[in-house]
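Enquirer:
There are 4 protein chains.
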Amino acid sequence: MIKQNKRDKIIEAALQIFLKEGYERATMQGIASAAGVGKGTTYEYFPSKEALFNDVVREGFDYLITELAVALEQEGTIQEKVERMYLRHLTIFQTETQFRDLMLNDMGKIPEETQLWLIAQQSEFVLKLKGILEDGIKIGELRPIHTRVAANTITHGLKMIYYYQGEEHESIEELVKEQVAMLFNGMNQI
Amino acid sequence: MIKQNKRDKIIEAALQIFLKEGYERATMQGIASAAGVGKGTTYEYFPSKEALFNDVVREGFDYLITELAVALEQEGTIQEKVERMYLRHLTIFQTETQFRDLMLNDMGKIPEETQLWLIAQQSEFVLKLKGILEDGIKIGELRPIHTRVAANTITHGLKMIYYYQGEEHESIEELVKEQVAMLFNGMNQI
Amino acid sequence: MIKQNKRDKIIEAALQIFLKEGYERATMQGIASAAGVGKGTTYEYFPSKEALFNDVVREGFDYLITELAVALEQEGTIQEKVERMYLRHLTIFQTETQFRDLMLNDMGKIPEETQLWLIAQQSEFVLKLKGILEDGIKIGELRPIHTRVAANTITHGLKMIYYYQGEEHESIEELVKEQVAMLFNGMNQI
Amino acid sequence: MIKQNKRDKIIEAALQIFLKEGYERATMQGIASAAGVGKGTTYEYFPSKEALFNDVVREGFDYLITELAVALEQEGTIQEKVERMYLRHLTIFQTETQFRDLMLNDMGKIPEETQLWLIAQQSEFVLKLKGILEDGIKIGELRPIHTRVAANTITHGLKMIYYYQGEEHESIEELVKEQVAMLFNGMNQI
DNA sequence: AATGAATGAGAGTTCATTCAT
DNA sequence: AATGAATGAACTCTCATTCAT
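Chains as they are written, first to last, in the UniProt record's numbering: chain A, 1 to 190; chain B, 1 to 190; chain C, 1 to 190; chain D, 1 to 190.
In structure tokens, the structure reads:
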């Protein structure tokens, strides 16, 4: 097993607990126990519960954004890129349906500065996607759509998978592909 | 003004407070004060904070689902119906961006039974929409799409508006219309 | 027994505990227990430990100053007035030698405002005493002494009794009288 | 500069911190940092916070008593000796008004044994002063006063300077001299 | 000998809930 | 039925002390 330092162990345990319990329900004692350290130890690494949450969010979001950006940058048509991104997103959160509680919730407890950082990160990501869509229009791969709305729809559409219940005879992967196909091909008869 | 009974006053006040503060941050004292009743009185009508939250969620969700269903049932093309539903949804939550905190968050605190009820309500709604889409395919208004995925995408796509930042020269209403148009017409060149 | 309201019971218990333990050592649990109420109840009456301490100090000091002023205002020579004041002071603190901890110590924990109030109260008292001394000089009862220093010496000299150890065959009352006599008659041969 | 050993550096730092913060507020980490050593190092020299405080008090008191005794032993009338002692006392504490917090406060935290030692030291000092006063009476320099009370009054009167506020056109030195003069000459008209 | 990472007992404070009025 | 005073469990955070290095 890879040797992890205490800080990483606490971050990881905190992520799990925040996910399972939400910010308020989570207790420092619980996080410490899950990390296999004493309660006081958490305060050696993070000055407060809020600061710990802040770092958890930052590291988690950083990881997520990076992964998605990589998926976008690989070869293929734009629809393929987006599909790849959706599937990567799915893989990351398949085991953690509660991840929405970290990403959508509890955001009032992080410092203004981090809130702004999150928005900035997300905006940057949306802009990158917008650029890709504009290129797609230029080379005639896409119709002349409203790229800002499209980039936002695609980005926030990622979160839809949080709500897919396990259903009968189709895998979630297939549903995701169908969803992306719909975004690109539309529903109207032509 | 219609005389409201105490129970309704408490439910209404609780909704506002839960929206503003989230479940954990909300206090029974705050809810009671906002409702203009004594703290003990809340316990005459609801046996616990959780039970109150449960009822608030049920009533709120009920109202929402009903409103959206009405929007769907009115005349027009399917795209028009969906657009109407999106705009109705927008109207309801325009003033309460924190509504996502009630709908997406804090759901761990309601009893299993209500969780299942919520899912059932939502499934029922998705089914109704699915039926509408199937009719649309039958009469040739829509392409032969995967109706379950489409119904889910449309339903969960409603939540995207929570994340629209106030942007420059376009109103949110226009962005919503663009978003619906994209769902129906697709992004790919044809 | 006189029926005391809860606030008074808490103030009284807090006084005892603060005297015995000092501000930092005193615990809200201990104060609550001593007052015969629940821990949370103290917070119904005082928003914090500091606020409770503040009120204890104000009420205690108020009582003390009033009692001493009364002793000064009764009939007699100036030496008799001062002696009476010293003895009254002695009576009040005879059972509470730790009172110095409340009056001299722990003053960093009370709000600036109360600190200023205490100084103002004390200054006012010293001024009153200074006036009495000046009258004494005018009517030839006292030598033309430095009245400000004298008033301060007498006032702060009150605190000396905190340090009298129980000694052999003389009572503290007698020692106090001797001390006052010395202040008025001096030590030098004439 | 004389090389100080670690123990002395810790004692000195601890004195400063105890003076500034009081016993409870002072932290071992703060003391260690001020002394320029590691936190664990303090425990190499002193087994506990209480033990450290104990040693600080003993050494500080020792120094004080010695200084005052020296002032008393130099040449002059008794009034001059006492005045010299008061001024020496003033010099020592002029910069540290918080010294009263060490001397008057926090004494509950030192072991019984040291408490008794302090009382004994003080008693011894009072006795020495009492002897001086008795000699003064014998040679007719002083009136036949109650020497024990006088010695106590003089000794405890030292603490009065803690309470002198900075005042207008007189220096504290002048006030101290006035105070001593009053003790020796009395206030009553003769 | 010197260190500081690790710890957990214990502090102040909040608040859902109870219950006498 | 309506109330709010009373309560204590449970929380975050501090810091004296230990101990492996």
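Virtual Cβ for every residue (Gly too), placed ideally from N, Cα, C. Nothing here was measured: the structure is a model prediction, and the numbers come from that model.
Apply the 10 Å Cβ neighbour rule to K138 of chain C and answer buried if 16 or more other Cβ atoms are within range, or exposed otherwise.
Expert: As a working note, residue 138 of chain C is residue 138 in the third sequence. Exposed, since its Cβ has fewer than 16 Cβ neighbours within 10 Å.
Enquirer: How is the alpha helix (DSSP H) around L185 of chain A delimited, first residue to last?
Expert: Residue 185 of chain A sits at position 185 when you count from the first residue of the first sequence. Checking the sequence shown, residue 185 of chain A turns out to be Asn, not Leu. Looking at the DSSP string, the run of the alpha helix (DSSP H) that includes N185 of chain A is I172 to N185.
Enquirer: For my contact list, D55 of chain A and I11 of chain A are in at a C-beta cut-off of 8 Å; report their separation, rounded to the angstrom.
Expert: Translated into the one-based positions of the first sequence, residue 55 of chain A becomes position 55. Translated into the one-based positions of the first sequence, residue 11 of chain A becomes position 11. The Cβ separation is near 6 Å, so the contact holds.
Enquirer: For L142 of chain A, which beta-bridge partners are listed by DSSP?
Expert: For the purposes of this step, residue 142 of chain A is identified with residue 142 of the first sequence, where counting begins at 1. Note: L142 of chain A sits in a beta bridge opposite B:N188.
Enquirer: In this structure, how does DSSP classify G40 of chain B when only helix, strand and coil are distinguished?
Expert: For the purposes of this step, residue 40 of chain B is taken as the residue at position 40 of the second sequence. The answer is helix: DSSP assigns G40 of chain B an H, G or I state.
Enquirer: Helix or strand or just coil, what does DSSP make of A35 of chain C?
Expert: Within the third sequence, numbered from 1, the residue matching residue 35 of chain C stands at position 35. Three-state result, A35 of chain C: helix.
Enquirer: Look at the alpha carbon of K81 of chain A and the alpha carbon of E141 of chain B, and state the distance between them as a whole number of angstroms.
Expert: In the first sequence, counting from the first residue as 1, residue 81 of chain A sits at position 81. In the second sequence, counting from the first residue as 1, residue 141 of chain B sits at position 141. Cα to Cα, the separation comes out at about 29 Å.
Enquirer: Below 8 Å between beta carbons is the criterion; list the residues of the region 168-186 of chain D that meet it against any residue of chain C, in chain order.
Expert: So the list reads L175, E178, Q179, M182, L183, F184, N185 and G186, given in the order they occur along the chain.
Enquirer: By the DSSP assignment, the alpha helix (DSSP H) with M160 of chain A in it spans what residues?
Expert: Position 160 of the first sequence holds residue 160 of chain A. That residue, M160 of chain A, is in no alpha helix (DSSP H); it is neither H nor E in DSSP.
Enquirer: Three or more beta-carbon pairs under 8 Å between the region 22-36 of chain D and the region 13-27 of chain C, yes or no?
Expert: These segments touch.
Enquirer: Can you name the start and end residues of the alpha helix (DSSP H) that T66 of chain A belongs to?
Expert: Residue mapping note: residue 66 of chain A aligns to position 66 of the first sequence, counting from 1. Taken as a continuous stretch (DSSP letters only), the alpha helix (DSSP H) holding T66 of chain A covers K49 to E73.
Enquirer: Taking beta-carbon pairs under 9 Å, can you tell me which members of the UniProt domain "HTH tetR-type" (4-64) of chain A lie near chain B?
Expert: Those would be K20, E21, G22, Y23, E24 and R25, in chain order.
Enquirer: Would you say A150 of chain D reaches chain C, if we count a Cβ-Cβ gap shorter than 8 Å as a contact?
Expert: Working through the fourth sequence from its first residue, we reach residue 150 of chain D at position 150. Chain C contact via Cβ: present.
Enquirer: Report the rounded CA-to-CA distance for L127 of chain C versus A13 of chain D, giving the unit in angstroms.
Expert: Your numbering for residue 127 of chain C matches position 127 in the third sequence. Your numbering for residue 13 of chain D matches position 13 in the fourth sequence. Each residue's alpha carbon lies about 40 Å from the other.
Enquirer: Taking only the alpha-carbon atoms, compute the straight-line gap between I78 of chain A and L87 of chain B and give it to the nearest angstrom.
Expert: In the first sequence, counting from the first residue as 1, residue 78 of chain A sits at position 78. In the second sequence, counting from the first residue as 1, residue 87 of chain B sits at position 87. Each residue's Cα considered, the two are about 29 Å apart.
Enquirer: Can you list, in chain order, the residues of its chain whose CB lies under 7 Å from that of L118 of chain D, leaving out five sequence neighbours each side?
Expert: As a position in the fourth sequence, residue 118 of chain D is number 118, starting the count at 1. Hits under 7 Å: F61.
Enquirer: Going along chain A, which residues have a C-beta under 7 Å from T153 of chain B?
Expert: For this step, residue 153 of chain B is matched to residue 153 along the second sequence. M160, Q179 and M182, listed in chain order.
Enquirer: What are the boundary residues of the alpha helix (DSSP H) that Q79 of chain C is part of?
Expert: By 1-based counting over the third sequence, the position of residue 79 of chain C is 79. Unbroken alpha helix (DSSP H) run through Q79 of chain C: I78 to F93.
Enquirer: Less than 8 Å separating the beta-carbons of H156 of chain D and M160 of chain C?
Expert: The count along the fourth sequence starts at 1 and reaches residue 156 of chain D at position 156. The count along the third sequence starts at 1 and reaches residue 160 of chain C at position 160. Yes; because the gap between Cβ atoms is below 8 Å, this pair is in contact.
Enquirer: Starting from F18 of chain B and walking both ways along the alpha helix (DSSP H), at which residues does that stretch end?
Expert: Position 18 of the second sequence, counted from the start, is the residue given in the question as residue 18 of chain B. Element bounds for F18 of chain B: K6 to R25.
Enquirer: So, does the CB of I132 of chain D fall closer than 8 Å to a CB anywhere in chain C?
Expert: Here residue 132 of chain D refers to the residue found at position 132 of the fourth sequence. Closer than 8 Å: no.
Enquirer: For a contact defined as C-beta to C-beta under 9 Å, what are the partners of R88 of chain C on chain D?
Expert: Translated into positions along the third sequence, residue 88 of chain C becomes position 88. Chain D residues near R88 of chain C: none, gap ~19 Å exceeds 9 Å.
Enquirer: Flag R143 of chain C as yes if its beta-carbon sits less than 8 Å from any beta-carbon of chain D, otherwise no.
Expert: Locating residue 143 of chain C in the third sequence gives position 143, counting from the first residue. Yes, its Cβ sits closer than 8 Å to a Cβ of chain D.
Enquirer: Relative to the C-alpha of H89 of chain D, which candidate in D:Q74, D:E73, D:E75 and D:E67 has its C-alpha closest?
Expert: To locate residue 89 of chain D, count along the fourth sequence from 1; it is residue 89. Taking only the C-alpha atoms, the option nearest H89 of chain D is D:E67.
Enquirer: What residues of chain C sit near G157 of chain D, judged by a beta carbon separation below 9 Å?
Expert: Translated into the one-based positions of the fourth sequence, residue 157 of chain D becomes position 157. The contacting residues are T153, H156, G157 and M160.
Enquirer: Relative to the alpha-carbon of E113 of chain D, which residue among D:L15, D:R58, D:V176 and D:S171 has its alpha-carbon at the smallest distance?
Expert: Taking the fourth sequence and counting its residues from 1, the one referred to as residue 113 of chain D is at position 113. Closest by alpha carbon: D:R58.
Enquirer: For T41 of chain D and A34 of chain D, I'd like the C-alpha separation in whole angstroms.
Expert: Working through the fourth sequence from its first residue, we reach residue 41 of chain D at position 41. Working through the fourth sequence from its first residue, we reach residue 34 of chain D at position 34. When rounded, the distance between both Cα atoms is 13 Å.
Enquirer: Name the chain D residues whose beta carbon is nearer than 8 Å to that of Q115 of chain C?
Expert: Here residue 115 of chain C corresponds to residue number 115 of the third sequence, with the count starting at 1. Neighbours of Q115 of chain C on chain D: none; closest Cβ ~12 Å, over 8 Å.
Enquirer: Would you say A151 of chain D and L129 of chain D are within 8 Å of each other, going by their C-beta atoms?
Expert: The count along the fourth sequence starts at 1 and reaches residue 151 of chain D at position 151. The count along the fourth sequence starts at 1 and reaches residue 129 of chain D at position 129. Result yes, Cβ atoms of A151 of chain D and L129 of chain D sit closer than 8 Å.
Enquirer: Output yes if chain B places a C-beta closer than 8 Å to the C-beta of Q121 of chain A; else output no.
Expert: Within the first sequence, numbered from 1, the residue matching residue 121 of chain A stands at position 121. Taking Cβ atoms only, chain B never reaches closer than 8 Å to Q121 of chain A, which makes this a no.
Enquirer: For I92 of chain C versus L52 of chain C, is the C-beta distance shorter than 8 Å?
Expert: Translated into the one-based positions of the third sequence, residue 92 of chain C becomes position 92. Translated into the one-based positions of the third sequence, residue 52 of chain C becomes position 52. No, they are not a contact pair.
Enquirer: Tell me whether the beta-carbon of M28 of chain D lies closer than 8 Å to the beta-carbon of K6 of chain D.
Expert: Against the fourth sequence, residue 28 of chain D aligns to sequence position 28. Against the fourth sequence, residue 6 of chain D aligns to sequence position 6. In this structure, K6 of chain D does not lie closer than 8 Å to M28 of chain D by Cβ.
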